[in-house]
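**Q** Next up is a structure, given as structure tokens.
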Ligand SMILES: Cc1cc2nc3c(=O)[nH]c(=O)nc-3n(C[C@H](O)[C@H](O)[C@H](O)COP(=O)(O)OP(=O)(O)OC[C@H]3O[C@@H](n4cnc5c(N)ncnc54)[C@H](O)[C@@H]3O)c2cc1C
Ligand SMILES: Cc1cc2nc3c(=O)[nH]c(=O)nc-3n(C[C@H](O)[C@H](O)[C@H](O)COP(=O)(O)OP(=O)(O)OC[C@H]3O[C@@H](n4cnc5c(N)ncnc54)[C@H](O)[C@@H]3O)c2cc1C
Ligand code: SF4
Ligand code: SF4
Ligand code: FES
């Protein structure tokens with residue numbers, strides 16, 4: 507059992523949560539994730555560490571309410587317990603002094619981008635963060651990024667905050683200026699796809715953090731397979747970071763929707779049963 | 029000369045020594061089963077098991093040989109003759125005790141051991157007719173023990189504390205057997221399991237209808253009763269490394285039984301389409317995550333109407349029969365050799381066929397077809413058998429231009445597993461074979477001081493009883509190491 511020690515609502519559908527998990531906290535690194543199962547009938551879902559403290563023994567993650575599991579999770583509070591949490595899973599993001607690094611965080615991907623940007627900055631890089639969301643209400647972690655002291659570019663699709671642009675616009679400008687040594691793109695598959703396409707033109711190495719559907723997260727099932735450079739890789743143990751220029755994004759997006767009908771059904775049933783949800 | 033010997037033409041001049049009885053002749057006592065049409069729609073156990081009367085009647089067929097060859101047929105040399113004698117005498121507790129001397133999970137092995145190739149193949153009666161149904165009798169005794177209240181169960185005695193602490197990585201049959209044995213000797217034992225539930229393949233792989241999870245659970249409970257601690261959600265190599273177990277966590281010895289859990293794919297076009305599963309994923313969704321209860325259980329599984337299973341082992345059979353139970357209209361199994369070469373247990377092949385699984389022999393997939401990201405068919409090539417290969421089986425070869433297409437919406441790949449590198453990557457001083465399996469000596473010692481290993485991670489995919497045997501042997505070696 508893992509006790510919830512922190513909860514904060516970041517936007518209508520996005521929550522930050524912290525749990526007591528001293529062993530995992532000691533090992534967590536930027537880019538890694540945990541596998542979580544809320545209760546006995548629960549699904550195992552992957553969520554990336556957004557923050558952790560080895561000293562205080564907690565890890566945090568930020569999640570968006572998209573289906574039954576994240577919906578249930580959003581109803582838990584400080585003091586409640588989560589049945590299972592395992593990790594840290596996956597290979598940590600390769601952090602090195604690379605020069606000028608642009609970290610793009612789209613939607614809830616900002617949660618993953620945060621520890622990555624922090625680690626990159628600590629490693630001596632000049633970091634620019636491009637934070638994107640559909641509108642101002644969905645923008646998360648802006649203050650935390652500002653506190654890192656990195657350059658921050660905010661874009662929204664509708665212009666309700668920052669620039670009215672897609673994240674690829676500032677990314678492209680920076681590439682054109684020839685000042686980017688490395689880029690990281692973390693967010694919805696479609697955003698990562700376009701970021702990778704943008705940087706490819708300029709030969710700027712681009713790491714993406716993929717989010718295929720997972721079951722065990724330990725390399726045992728192959729649910730998370732993705733094609734990278736023509737080869738099948740397992741997202742949970744070979745990734746989740748991969749070379750964005752080699753990833754087959756069409757396949758990833760197609761594989762992400764295999765259960766969409768089931769997921770809608772499960773969440774609809776849950777919402778019907780769930781009294782607190784109107 | 030006794031009548032028994034006369035009748036069987038065996039053990040001349042060796043009158044039975046245990047309870048003198050007149051062995052009954054004739055065929056085995058059949059085991060009752062759920063009707064095929066009914067069971068194809070539920071996940072309840074297929075075989076019902078012997079009643080006390082049936083077990084006794086079957087035990088009476090055993091001639092209690094002076095030289096019981098059956099025992100050599102069992103990889104852990106269970107004293108089969110004695111546990112059968114105990115049933116003949118009506119002393120079930122004694123039977124359980126004999127069984128448990130060498131097999132910590134009789135209710136499991138009685139169900140899933142390939143008895144027809146092991147103990148039963150070595151029974152003298154097999155030469156002239158049907159061997160004693162040793163597995164069914166074993167299951168009966170195991171179930172009898174499980175049905176008893178905890179304090180009446182046959183619990184192995186725990187030796188006086190040795191003050192040593194052992195860590196066991198993985199809670200499959202190898203880990204469970206090793207932990208039980210270490211604890212019996214008197215060591216303190218903690219099992220570390222990566223998943224949220226213990227049992228390994230017994231829990232996530234072998235389906236409910238062949239091995240009810242309640243049985244696995246009760247057997248594991250016994251270990252807890254004995255004082256073994258089980259920590260789930262502990263991925264060794266990630267949460268803690270083997271080194272950390274031996275330093276910071278203070279364990280004196282470590283057993284690694286992490287199985288051979290990395291699914292192999294064929295590398296053919298279309299393998300990443302939606303609707304293509306590894307058997308591991310398919311079975312894990314259904315068994316471990318209880319997807320057959322979706323949506324009251326949260327994990328979904330793609331329920332195909334027409335399902336193709338590739339492979340011919342137990343894993344393929346389990347996948348095919350699970351697909352039937354999930355409501356598929358048609359399930360067929362594509363295997364590249366013939367039924368004679370199929371490694372699956374005969375009983376399982378028979379059950380699968382009864383439940384409506386169609387067998388397509390001598391065909392090997394070359395491509396999976398899809399539309400809009402989802403599977404629509406399987407292209408396979410006809411095969412023919414050539415000369416025997418290294419494994420002694422005749423090697424299948426493609427027949428030129430023999431490709432044909434089968435319509436299907438789901439493909440389940442049951443073509444084998446490899447060693448999962450997660451743990452070994454974090455323990456570079458444990459030597460591996462070129463295929464990633466852990467190198468050990470006969471007793472299970474690895475190249476790293478104080479670290480032992482056994483089960484599928486050493487041998488590659490094998491059987492429950494072999495994994496248990498290896499776990500137990502390693503426990504003995506660990507004990508010598510700790511005392512030495
Ligand atoms: C390595 C990794 C890291 C991730 N980190 C985060 C994170 O930090 N914050 C966050 O909000 N989300 C993260 N995700 C995605 C998150 O796991 C899914 O949103 C979650 O599983 C949805 O579960 P659900 O039951 O609420 O929704 P569902 O109803 O199950 O699904 C809704 C949507 O989520 C996708 N999805 C479903 N199951 C999974 C799964 N097991 N893995 C990935 N996607 C899935 C589906 O394609 C669907 O589009 C991550 C995914 C991966 C693989
Ligand atoms: C579908 C299927 C059907 C089968 N049917 C039969 C049958 O009928 N009869 C038979 O005799 N055999 C059968 N087998 C084979 C048999 O189940 C295996 O040979 C046996 O389970 C191997 O035992 P093990 O303990 O070595 O490994 P496993 O049972 O694989 O257990 C390994 C355990 O270690 C855990 N683990 C892995 N990595 C780590 C880590 N890094 N940290 C912590 N824990 C970890 C795993 O989660 C797992 O729980 C079948 C196998 C399958 C897959
Ligand atoms: S453990 Fe398996 S091989 Fe040994 S006696 Fe029992 S059923 Fe036979
Ligand atoms: S089981 Fe078979 S081999 Fe063993 S003692 Fe009985 S008759 Fe003899
Ligand atoms: S999630 Fe099962 S192998 Fe990656």
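Chains as they are written, first to last, in the working numbering: chain G, 507 to 784; chain D, 29 to 512. We treat Cβ as the ideally placed atom computed from N, Cα and C, and that holds for glycine. On a predicted model such as this, the values are computed, not experimentally measured, just so you know.
Compute every distance between the C-beta of residue 302/D and the non-hydrogen atoms of ligand 6, then say whether any falls below 6 Å.
**A** No copy of ligand 6 occurs in the structure displayed; its ligands are ligand 1, ligand 2, ligand 3, ligand 4 and ligand 5 alone.
**Q** In whole angstroms, what separates the C-alpha of residue 39/D from that of residue 379/D?
**A** In this prediction, residue 39/D scores a pLDDT of 45, lower than 50, which makes its location untrustworthy; the coordinate-derived value is nonetheless stated afterwards. Going by the C-alpha atoms only, they are around 36 Å apart.
**Q** Give the secondary structure of residue 446/D by DSSP, where H, G and I count as helix, E and B as strand, and everything else as coil.
**A** Strand.
**Q** Closest by CA to residue 328/D, which one among 316/D, 253/D, 336/D and 398/D?
**A** The option with the nearest alpha carbon to residue 328/D is 316/D.
**Q** Measure the CB-CB distance between residue 586/D and residue 311/D and report whether it falls below 7 Å.
**A** Nothing about residue 586/D can be reported from this structure: the residues present for chain D run from 29 to 512 only.
**Q** Can you list, in chain order, the residues of its chain with a C-beta nearer than 8 Å to that of residue 453/D? Leave out the 5 residues immediately preceding and following it.
**A** Cβ within range, chain order: 265.
**Q** Between residue 523/G and chain D, is any beta-carbon pair separated by less than 7 Å?
**A** False, the Cβ-Cβ gap to chain D never drops below 7 Å.
**Q** Should residue 731/G be flagged as near chain D, meaning a C-beta pair shorter than 7 Å?
**A** Yes - at least one Cβ of chain D is within 7 Å of the one on residue 731/G.
**Q** I'd like to know whether the C-beta atoms of residue 56/D and residue 150/D end up nearer to each other than 7 Å.
**A** No, they are not a contact pair.
**Q** CB-CB under 7 Å to residue 31/D, same chain, minus the five flanking residues each way: which ones, in chain order?
**A** Per-residue confidence for residue 31/D stands at a pLDDT of 40, beneath the threshold of 50, marking its modelled position as unreliable; the derived number appears in the next sentence. Closer than 7 Å at Cβ, skipping near neighbours: 50.
**Q** Who pairs with residue 701/G in a beta bridge, going by DSSP?
**A** According to DSSP, residue 701/G bridges with nothing at all.
**Q** Measuring only the C-alpha atoms, how far is residue 78/D from residue 251/D?
**A** Answer to the nearest angstrom: the Cα atoms are 26 Å apart.
**Q** Compute the distance between the beta-carbons of residue 484/D and residue 288/D, then report whether it is under 7 Å.
**A** Cβ atoms of residue 484/D and residue 288/D: closer than 7 Å.
**Q** Looking at chain D, is there any beta carbon in it that lies within less than 7 Å of the beta carbon of residue 543/G?
**A** Cβ-Cβ to chain D under 7 Å: yes for residue 543/G.
**Q** Find out if the Cβ-Cβ distance for the pair residue 217/D, residue 194/D is shorter than 7 Å.
**A** Yes.
**Q** Taking residue 292/D as the reference, give the member of 448/D, 170/D and 362/D with the closest Cα.
**A** Selected option, being the one with the closest Cα: 448/D.
**Q** Going by Cα to Cα distance, which pick from 689/G, 556/G and 600/G is closest to residue 618/G?
**A** Considering only alpha carbons, the answer is 556/G.
**Q** With a threshold of 6 Å on Cβ separation, who are the neighbours of residue 645/G within its own chain once the five nearest residues in sequence on each side are excluded?
**A** For residue 645/G, where only same-chain residues beyond five positions count, the Cβ hits under 6 Å are 639 and 667.
**Q** Just verifying my parser: in three-state terms, what is the DSSP assignment at residue 514/D?
**A** Because chain D in this structure spans residues 29 to 512, residue 514/D falls outside the shown range and cannot be described.
**Q** Distance, Cα to Cα, residue 213/D vs residue 506/D?
**A** Each residue's Cα considered, the two are about 11 Å apart.
**Q** Alpha carbon to alpha carbon, what distance is there between residue 675/G and residue 314/D?
**A** Distance between the alpha carbons of residue 314/D and residue 675/G is about 45 Å.
**Q** If we count the other Cβ atoms within 10 Å of its Cβ and call it buried at 16 or more, is residue 726/G buried or exposed?
**A** Classification for residue 726/G: buried.
**Q** Got a sec: does ligand 4 put a non-hydrogen atom nearer than 6 Å to the Cβ of residue 90/D?
**A** Yes, since a heavy atom of ligand 4 falls inside the 6 Å radius drawn around the Cβ of residue 90/D.
**Q** How close, in whole Å, do the beta carbons of residue 134/D and residue 169/D come, if the pair is a contact with beta carbons under 8 Å?
**A** Confirmed, Cβ separation roughly 6 Å.
**Q** Quick check: the Cα distance between residue 777/G and residue 124/D, rounded to an integer number of angstroms?
**A** Going from the Cα of residue 777/G to the Cα of residue 124/D covers about 50 Å.
**Q** Using Cβ-Cβ distances below 7 Å, what residues of the region 714 to 746 of chain G are close to chain D?
**A** Residues passing the 7 Å Cβ filter: 721, 722, 724, 725, 726, 727, 728, 729, 731, 733, 738 and 743.
**Q** Please look up how many angstroms separate the CB atoms of residue 359/D and residue 384/D, rounded, as I've assumed it's under 8 Å.
**A** Their Cβ separation, rounded to whole angstroms, is 7 Å, which keeps residue 359/D and residue 384/D in contact under 8 Å.
**Q** Shorter than 6 Å, the distance from the beta carbon of residue 286/D to the closest heavy atom of ligand 3, or not?
**A** Residue 286/D Cβ: outside cutoff for every heavy atom of ligand 3.
**Q** Could you check the C-alpha separation between residue 788/G and residue 522/G for me, to the nearest Å?
**A** Outside the modelled stretch of chain G, which goes from 507 to 784, sits residue 788/G, for which no answer is possible.
**Q** For a minimum of 3 consecutive residues, which ranges assigned as the beta strand (DSSP E) are wholly contained in the region 468 to 499 of chain D?
**A** Within the region 468 to 499 of chain D, the complete beta strand (DSSP E) runs of at least 3 residues are 479 to 481.
**Q** Give me the chain D residues within the contact set of residue 757/G, using Cβ-Cβ distance strictly less than 9 Å, ordered along the chain.
**A** Under the 9 Å cutoff, chain D gives 300, 301 and 401.
**Q** Show which residues of chain D have a CB atom less than 7 Å away from the CB atom of residue 764/G.
**A** The answer, in chain order, is 302 and 330.
**Q** Taking only the alpha-carbon atoms, compute the straight-line gap between residue 395/D and residue 545/G and give it to the nearest angstrom.
**A** About 40 Å.
**Q** Just tell me which of 127/D, 98/D and 247/D has its CA closest to the CA of residue 155/D.
**A** The option with the nearest alpha carbon to residue 155/D is 98/D.
**Q** So what does DSSP say about residue 356/D, is it helix, strand or coil?
**A** Coil, per DSSP.
**Q** Which class does residue 467/G belong to by DSSP, given the choice of helix, strand or coil?
**A** Any question about residue 467/G goes unanswered here, given that chain G covers just 507 to 784.
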